[in-house]
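Undergrad:
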DNA sequence: GTCTATAAGATGATAGAC
DNA sequence: GTCTATCATCTTATAGAC
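Residue numbers (this note's numbering), protein chains in the order written: chain B, 176 to 357; chain C, 176 to 357.
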């Protein structure tokens, strides 16, 4: 069965947010890309705020699932962090997109309160996961939370900068160096 | 003498870009804040693209001056990097703003080509300055450019994330740790 | 669930008076 | 250099037919 319209809307909107940001896409953009009318989008998501919240809820669930999968698939700290890095690199490679929450963080001042909450929750999720991964290492067990924050911030910033150069390798080099210096 | 209107426009616009981004501010916002009409803004900067280019040109010049000043005022690598860090922390502290180029980097896909060029030039400027600072260190002279990229990316990302928590201390802790681990 | 039609307001931008 | 007036277009959002 084909993806329900609701999911198609979320898919298209997510890509729009990741490439242009919250203020720079419209219902008309979504409608045009899917091939339906603006009113139909409003039927599924009456307001832009509701659309953004639904987007973030799904994104957090998906991302959380990916993190659990990494924990399952990889046993060592190094392998887990390498897989985490790939999560970001793949998004950047696919049409020069940013992490959706990195983009929403830039749009933060214009975001409805409920969406702001979701953005912080995403960062909390990532920090918690990274902290648990880093805290499990044989050596360098010290201050896993502080080191987790460095990884998250550096990855978000590296995506931002590397995208302006259309250079995924630049992202990976920065990310590798950050992980090596932890 | 009071600041010329042109400069007042650039001042106000810069703050708007740093807090909301390129797509989320309008000529009406600038006009309202200065207390003149939209048409007057268009007299000084006919199009939004021209306004953005003027903004970036001035920003790059100012930022470049600040970097030269740091080099002049501080002799050691550590003191220079600490002063560089303060440049970013001060912007974040003042009304939760981001580095203007961090914001423009998020808005990159919607930017006129001339502005895109300026954004990359800003990153080039910073990378070059950081590379020269890091290359001058007694120890750890190796790969100054790669380490410069880590600093720039981490600082941009740390601003982005820390802003969502309204937490300047969080930015500073991440920045300090990045500098310590170089 | 999708459509047409429409609303009310914002947007970037221009013409021309003062 | 600033103003009023105006423009065409886009924006989010709603009402109601099919």
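Think of the CB as a built atom: it goes at the ideal place given N, C-alpha and C, for glycine as much as any other residue.
Under the three-state reduction of DSSP, which class applies to residue 356 of chain C: helix, strand or coil?
TA: As a working note, residue 356 of chain C is residue 181 in the second chain. Three-state result, residue 356 of chain C: coil.
Undergrad: Taking 6 Å as the line, does the beta carbon of residue 262 of chain C fall inside it for any heavy atom of the ligand GTP?
TA: For the ligand GTP, the structure offers nothing, since it holds no ligand at all.
Undergrad: Please report whether the beta-carbon of residue 356 of chain B lies at a distance below 7 Å from any beta-carbon of chain C.
TA: Here the question's residue 356 of chain B lines up with position 181 in the first chain. Yes, contact with chain C.
Undergrad: Report the start-end ranges of each alpha helix (DSSP H) in the region 258-306 of chain B that is 4 residues or longer and not cut off at the edges.
TA: The region 258-306 of chain B contains these whole alpha helix (DSSP H) runs: 275-281.
Undergrad: Report yes or no: do three or more beta-carbon pairs, one from the region 269-282 of chain C and one from the region 190-208 of chain C, lie closer than 8 Å?
TA: Flag = yes, the region 269-282 of chain C and the region 190-208 of chain C touch.
Undergrad: Out of C:232, C:242, C:181 and C:247, which has the shortest C-alpha to C-alpha gap to residue 217 of chain C?
TA: Here the question's residue 217 of chain C lines up with position 42 in the second chain. For residue 217 of chain C, the nearest C-alpha among the options comes from C:181.
Undergrad: Could you give the DSSP three-state label for residue 221 of chain B: helix, strand or coil?
TA: Along the first chain, one-based indexing puts residue 221 of chain B at 46. Residue state, collapsed to three classes: coil.
Undergrad: I'd like the list of long-range same chain contacts for residue 229 of chain B, defined as Cβ closer than 7 Å, with 5 residues on each side in sequence excluded.
TA: Numbered from 1 along the first chain, position 54 holds the residue referred to as residue 229 of chain B. Correct list, in chain order: 185 and 220.
Undergrad: Would you mind telling me which residues of chain C sit closer than 8 Å to residue 234 of chain B, beta carbon to beta carbon, in chain order?
TA: Here residue 234 of chain B corresponds to residue number 59 of the first chain, with the count starting at 1. In chain order: nothing, as chain C lies at least about 15 Å away.
Undergrad: Cα-Cα, which of B:290, B:189, B:284 and B:222 is closest to residue 208 of chain B?
TA: The sequence position of residue 208 of chain B within the first chain is 33, counting from 1. Ranking the options by Cα distance to residue 208 of chain B, first place goes to B:189.
Undergrad: At 9 Å on the CB atoms, spell out the chain C contacts of residue 263 of chain B, in chain order.
TA: Start at 1 with the first residue of the first chain, and residue 263 of chain B comes out as number 88. What residue 263 of chain B touches in chain C: nothing, since even the nearest Cβ is about 11 Å away.
Undergrad: Using 8 Å as the Cβ pair cut-off and three pairs as the minimum, do the region 280-293 of chain B and the region 304-311 of chain B touch?
TA: These segments do not touch.
Undergrad: Quick check on residue 194 of chain B: does DSSP put it in helix, strand or coil?
TA: Position 19 of the first chain, counted from the first residue, corresponds to residue 194 of chain B. Three-state DSSP puts residue 194 of chain B in a helix.
Undergrad: Could you pull out every residue in the same chain whose Cβ sits closer than 8 Å to the Cβ of residue 247 of chain C, ignoring the five residues on either side in sequence?
TA: Here residue 247 of chain C refers to the residue found at position 72 of the second chain. Here the set comprises nothing.
Undergrad: Three or more beta-carbon pairs under 8 Å between the region 347-357 of chain C and the region 319-332 of chain B, yes or no?
TA: Touching, yes, given that three or more Cβ pairs across the two stretches are closer than 8 Å.
Undergrad: Taking only three categories from DSSP, how would you classify residue 162 of chain B?
TA: Because chain B spans 176 through 357 in this model, residue 162 of chain B falls outside it and cannot be assessed.
Undergrad: Do you know how far the Cα of residue 213 of chain C is from the Cα of residue 262 of chain B?
TA: Indexing the first chain from 1 puts residue 262 of chain B at position 87. Indexing the second chain from 1 puts residue 213 of chain C at position 38. The alpha-carbon atoms of residue 262 of chain B and residue 213 of chain C are separated by roughly 44 Å.
Undergrad: Check the Cβ of residue 202 of chain B against every Cβ in chain C and list those closer than 9 Å, keeping chain order.
TA: The count along the first chain starts at 1 and reaches residue 202 of chain B at position 27. Chain C residues near residue 202 of chain B: none, gap ~15 Å exceeds 9 Å.
Undergrad: Could one say the Cβ of residue 283 of chain C lies closer than 7 Å to chain B's Cβ atoms, at least one of them?
TA: Translated into positions along the second chain, residue 283 of chain C becomes position 108. Judged by the 7 Å Cβ criterion, residue 283 of chain C is in contact with chain B.
Undergrad: So, for residue 239 of chain B: in the same chain, excluding its five sequence neighbours on each side, which residues have a beta-carbon less than 7 Å away from its beta-carbon?
TA: Mapped onto the first chain, residue 239 of chain B falls at position 64. For residue 239 of chain B, where only same-chain residues beyond five positions count, the Cβ hits under 7 Å are 300.
Undergrad: Output the boundary residues of the alpha helix (DSSP H) element that contains residue 204 of chain B.
TA: Position 29 of the first chain holds residue 204 of chain B. Taken as a continuous stretch (DSSP letters only), the alpha helix (DSSP H) holding residue 204 of chain B covers 202-209.
Undergrad: Please report how far the alpha carbon of residue 347 of chain C lies from the alpha carbon of residue 340 of chain B, in whole angstroms.
TA: What you label residue 347 of chain C is simply residue 172 of the second chain in a count that begins at 1. What you label residue 340 of chain B is simply residue 165 of the first chain in a count that begins at 1. Distance between the alpha carbons of residue 347 of chain C and residue 340 of chain B is about 27 Å.
Undergrad: Three-state secondary structure (DSSP) at residue 351 of chain C?
TA: Working through the second chain from its first residue, we reach residue 351 of chain C at position 176. Three-state result, residue 351 of chain C: helix.
Undergrad: Using alpha carbons as the reference points, say which of B:233, B:210, B:215 and B:224 lies closest to residue 198 of chain B.
TA: Position 23 of the first chain holds residue 198 of chain B. The option with the nearest alpha carbon to residue 198 of chain B is B:224.
Undergrad: Any Cβ of chain B within less than 7 Å of the Cβ of residue 227 of chain C?
TA: Along the second chain, one-based indexing puts residue 227 of chain C at 52. It does not; no Cβ of chain B falls within 7 Å.
Undergrad: Any beta carbon of chain B sitting closer than 7 Å to that of residue 286 of chain C?
TA: Reading the second chain from its first residue, position 111 is the one you call residue 286 of chain C. By this cut-off, residue 286 of chain C is not an interface position.
Undergrad: Check residue 318 of chain C in the structure and name its three-state DSSP category.
TA: Here the question's residue 318 of chain C lines up with position 143 in the second chain. Three-state result, residue 318 of chain C: coil.
Undergrad: In or out: residue 282 of chain C buried (at least 16 other Cβ within 10 Å) or exposed?
TA: As a first step, residue 282 of chain C must be located in the second chain, where it is residue number 107. Buried, by the Cβ-count rule.
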